[in-house]
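Trainee: As you go down the protein sequences, you meet chains A and B in turn.
Reminder that position 33 of the first sequence reads as 89 in our numbering, one-by-one numbering, no gaps.
Reminder that position 33 of the second sequence reads as 137 in our numbering, one-by-one numbering, no gaps.
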Amino acid sequence: MTADLLDRLRAADPAAGATPSTDRARSLDALVEALVSHEPPGPARSARAERRRLTAGVLVGAAACAMAAVPILGGDRPGAVSPASAAAVLERAAAPDASGSGPWAYTKTLDYVSHVRGTRRGGGTTFVTIVPTTYELWLAADGRGVMRTTTDEAAATYPTEADRRAAKRAGPVPPPAPMPTTVRQATVGGIPARGLADLPTQPAALRERLRGAGAASDQALVQRAAMLLASPLTPADVRTALAEVLRTAPGARRVGTLTDPRGRSGEAVEFSDEAWDTLLLFDRDSGRLLGIRSRGKRELPGRTIEDWSLILDRGLRKRAPEAVPPAAPSGPPPTAPGAGG
Amino acid sequence: MSTPAPALAAAVPRPHAADGPDHAAAFRALYVAHRDAIWRYAVRRGADAAAAEDVVSEVFTVAWRRWTDVPAPALPWPYGVARRVLANERRAAGRRAALDDRLAAAVAPGGGDPAAAVAERDALLAALALLSPADREVLMLAVWEDLDSDAIATVLGCRPGTARVRLHRARTRLARVAATQLIQEDDR
Numbered sequence: 057m058t059a060d061l062l063d064r065l066r067a068a069d070p071a072a073g074a075t076p077s078t079d080r081a082r083s084l085d086a087l088v089e090a091l092v093s094h095e096p097p098g099p100a101r102s103a104r105a106e107r108r109r110l111t112a113g114v115l116v117g118a119a120a121c122a123m124a125a126v127p128i129l130g131g132d133r134p135g136a137v138s139p140a141s142a143a144a145v146l147e148r149a150a151a152p153d154a155s156g157s158g159p160w161a162y163t164k165t166l167d168y169v170s171h172v173r174g175t176r177r178g179g180g181t182t183f184v185t186i187v188p189t190t191y192e193l194w195l196a197a198d199g200r201g202v203m204r205t206t207t208d209e210a211a212a213t214y215p216t217e218a219d220r221r222a223a224k225r226a227g228p229v230p231p232p233a234p235m236p237t238t239v240r241q242a243t244v245g246g247i248p249a250r251g252l253a254d255l256p257t258q259p260a261a262l263r264e265r266l267r268g269a270g271a272a273s274d275q276a277l278v279q280r281a282a283m284l285l286a287s288p289l290t291p292a293d294v295r296t297a298l299a300e301v302l303r304t305a306p307g308a309r310r311v312g313t314l315t316d317p318r319g320r321s322g323e324a325v326e327f328s329d330e331a332w333d334t335l336l337l338f339d340r341d342s343g344r345l346l347g348i349r350s351r352g353k354r355e356l357p358g359r360t361i362e363d364w365s366l367i368l369d370r371g372l373r374k375r376a377p378e379a380v381p382p383a384a385p386s387g388p389p390p391t392a393p394g395a396g397g
Numbered sequence: 105m106s107t108p109a110p111a112l113a114a115a116v117p118r119p120h121a122a123d124g125p126d127h128a129a130a131f132r133a134l135y136v137a138h139r140d141a142i143w144r145y146a147v148r149r150g151a152d153a154a155a156a157e158d159v160v161s162e163v164f165t166v167a168w169r170r171w172t173d174v175p176a177p178a179l180p181w182p183y184g185v186a187r188r189v190l191a192n193e194r195r196a197a198g199r200r201a202a203l204d205d206r207l208a209a210a211v212a213p214g215g216g217d218p219a220a221a222v223a224e225r226d227a228l229l230a231a232l233a234l235l236s237p238a239d240r241e242v243l244m245l246a247v248w249e250d251l252d253s254d255a256i257a258t259v260l261g262c263r264p265g266t267a268r269v270r271l272h273r274a275r276t277r278l279a280r281v282a283a284t285q286l287i288q289e290d291d292r
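#1: Can you check whether the C-beta of D208/A is within less than 8 Å of a C-beta belonging to chain B?
#2: Could you compute how far the alpha carbon of A119/A sits from the alpha carbon of P228/A?
#3: Could you check if G201/A is buried or exposed, using at least 16 other CB atoms within 10 Å of its CB as the buried criterion?
#4: L346/A versus chain B: which residues are under 7 Å apart at the beta carbon?
#5: If P248/A sits next to F131/B, beta carbons under 8 Å apart, how far is it from one beta carbon to the other, in whole angstroms?
#6: Roughly how many angstroms lie between the CA atoms of I256/B and A286/A, to the nearest whole one?
#7: Hey, out of A129/B, R139/B, T165/B and V281/B, whose CA is closest to L294/B's CA?
#8: Pop quiz: A274/B and L251/B are said to be a contact at Cβ under 8 Å. What is the actual Cβ separation, rounded to whole angstroms?
#9: Could you tell me how far apart the beta carbons of V160/B and A137/B are, in whole angstroms, since I believe they sit closer than 8 Å?
#10: What did DSSP end up calling V281/B once you bin it into helix, strand or coil?
#11: Listed in chain order, which residues of the region 70-90 of chain A have Cβ atoms closer than 9 Å to some Cβ of chain B?
#12: Between which residues of its own chain and V126/A is the CB-CB distance below 7 Å, once the five residues before and five after are set aside?
#13: Spell out whether any CB of chain B is found under 8 Å from the CB atom of T401/A.
#14: Which two residues bound the contiguous alpha helix (DSSP H) that contains G268/A?
#15: Give the residues of chain B in contact with L195/A, contact being defined as C-beta atoms less than 7 Å apart.
#16: Mark Q279/A as exposed unless 16 or more other C-beta atoms lie within 10 angstroms of its C-beta, in which case mark it buried.
#17: When we look at the beta-carbon of H94/A and count the other beta-carbons within 10 Å, is it buried (16 or more) or exposed?
#18: Can you list, in chain order, the residues of the region 295-310 of chain A whose Cβ is nearer than 7 Å to any Cβ on chain B?
#19: Once you ignore the five residues that flank G307/A on each side, which residues in its own chain have a CB closer than 6 Å to its CB?
#20: Just by C-beta distance, which residues in the region 229-243 of chain B are closer than 8 Å to chain A?
#21: Tell me whether the region 256-266 of chain A and the region 202-213 of chain A touch, counting them as touching only if at least three CB pairs, one residue from each stretch, are closer than 8 Å.
Below, the structure is given as structure tokens:
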């Protein structure tokens, strides 16, 4: 019976015959050519592709296990205004976010990325290491842009002592050189960047738009709204609606003052369900989003996995670096309207 | 290079036969042979086109940067890399939720189509979605990636015997859940 069932399941393959579109195939081809042109083939090295987050938006975090924030509840600074509730904190999240001028929306984030390294072949072992990784994105309003990824192998940490020992046996890993890469169609919080200006400005409609873009769960809704808040491309009236979407999201509670892994203090609001906690950290003075912490409570038995994605810088810029490879499959490197400086 | 043909897989040079000079040619051949298979692997697990592109690019970036680790023949090694990439992505804030949502959407019943074949297909996919992630993965590897238990063991990082047991149990659970699903279809 199960053999017949498996045959029917085989016939039900939702990806039967699926292949990348012509544009995506060309993009992948270009990546392969860039690899063989710019790097020698290597032994085991850092292998977090630069493009892993090109479509996930500005603020897609990565797994981190050992970089827990230090909560300083009740540690308000003298003279600082202490918002009374999560709602009060979130209302300020709509504050203007972009500084500078120019056609490029620049965002710099720092994530703590888990890598699985090593090999089990030949009696070896795999281990986990957490490598701070900086992502810089120059994004034009039409969705094209340039991304640069920098890993800090010297600052790597290890979730367990066994991981540390295995890493020591495996030896040092030479970090790949930062290589700007071309972004073809970036999305921010699941929304195509070129569509940000057309997002609804009514909170209910915006909430439905985000739901329709894949944010089915409340946690996903919160994360995507936060990603959009962090983008300099998000219009002011949409930011106001996003703040309201967050303010009315289920389970919000004010955590109080909290310090992120870079030592920046802010006002924290956390959204919780049975499996996940999503914490948003806001600057106490400006209301700007400083970072997102996502904590999985059911991913590994007996452990929680924390992801921190910190926004280090953002604003409008006149220039973007030249990408490698120099030409995107669908056209030349992005040139934003009016880009001249 | 944008239209790789599966038939070329047989012509893929053994990576380590490239102990000679042309690593790039061997790597390109590996890419041509397996790009679409990795793409489908990602799509089956809920990745949209953009995420699938990320997975494929990550897998081949890993392959190039760990060239001396790529076995010969290469499969199922790339599936193991793709699995870790997707697992890492799921842990990532935002992406995790997005992929989970997409996975649910990818295997949820379509609804509304009266054709019996479509209804059965939907019921089967719904049954698959109701299984645990571990059961679902081992079944997908066996049925859609067409891997035997030895290859499944390589992808999952377990012993072949363990993979066989997992597959057997997953089949049994799928049959049980599918029977319930199909009965519910009949009851409509």
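Here a beta-carbon is modelled for each residue, glycine too, at the ideal position from N, C-alpha and C.
Mentor: Straight from the coordinates:
#1: The sequence position of residue 208/A within the first sequence is 152, counting from 1. So, not an interface residue.
#2: In the first sequence, residue 119/A corresponds to position 63, counting from 1. In the first sequence, residue 228/A corresponds to position 172, counting from 1. A caution first: A119/A carries a pLDDT of 24, below 50, which makes its placement in the model too unreliable to give a value.
#3: For the purposes of this step, residue 201/A is identified with residue 145 of the first sequence, where counting begins at 1. Flag for G201/A reads buried.
#4: Taking the first residue of the first sequence as 1, we reach residue 346/A at position 290. None at all; the shortest Cβ gap to chain B is about 14 Å.
#5: What you label residue 248/A is simply residue 192 of the first sequence in a count that begins at 1. What you label residue 131/B is simply residue 27 of the second sequence in a count that begins at 1. P248/A to F131/B, Cβ: 32 Å. No contact.
#6: For the purposes of this step, residue 256/B is taken as the residue at position 152 of the second sequence. For the purposes of this step, residue 286/A is taken as the residue at position 230 of the first sequence. Looking at the two C-alpha atoms, the distance is approximately 41 Å.
#7: Within the shown structure, residues of chain B are numbered from 105 to 292, placing residue 294/B beyond reach of any answer.
#8: Here residue 274/B corresponds to residue number 170 of the second sequence, with the count starting at 1. Here residue 251/B corresponds to residue number 147 of the second sequence, with the count starting at 1. The pair is not a contact, with the Cβ atoms about 13 Å apart (cut-off 8 Å).
#9: What you label residue 160/B is simply residue 56 of the second sequence in a count that begins at 1. What you label residue 137/B is simply residue 33 of the second sequence in a count that begins at 1. 13 Å between Cβ atoms; not a contact.
#10: Locating residue 281/B in the second sequence gives position 177, counting from the first residue. Reduced to three states, the DSSP call for V281/B is helix.
#11: P70, A71, A72, G73, A74, T75, P76, S77, T78, R80, A81, R82, S83, L84, D85, L87, V88 and E89
#12: Here residue 126/A is taken as the residue at index 70 of the first sequence, counted from 1. Note that V126/A has pLDDT 24, beneath the 50 cutoff, so the model's placement of it is unreliable and the number below is only indicative. For V126/A, where only same-chain residues beyond five positions count, the Cβ hits under 7 Å are T315.
#13: In the structure displayed, chain A extends from 57 to 397; residue 401/A sits before or after that span and is not available.
#14: In the first sequence, residue 268/A corresponds to position 212, counting from 1. It spans P259 to G268 - the alpha helix (DSSP H) in which G268/A sits, taken as one unbroken run.
#15: Counting from 1 along the first sequence, the entry for residue 195/A is found at position 139. Those within 7 Å of L195/A in chain B number zero; the least Cβ separation is about 15 Å.
#16: The count along the first sequence starts at 1 and reaches residue 279/A at position 223. Classification for Q279/A: buried.
#17: Walking along the first sequence from the start, residue 94/A turns up at place 38. It counts as exposed.
#18: none
#19: Within the first sequence, the letter at position 251 stands for residue 307/A. Once the five neighbours on either side are set aside, the close Cβ partners of G307/A are F327 and S328.
#20: Taking 8 Å as the Cβ-Cβ cut-off against chain A, the residues of the region 229-243 of chain B that qualify are L229, L232 and L243.
#21: no
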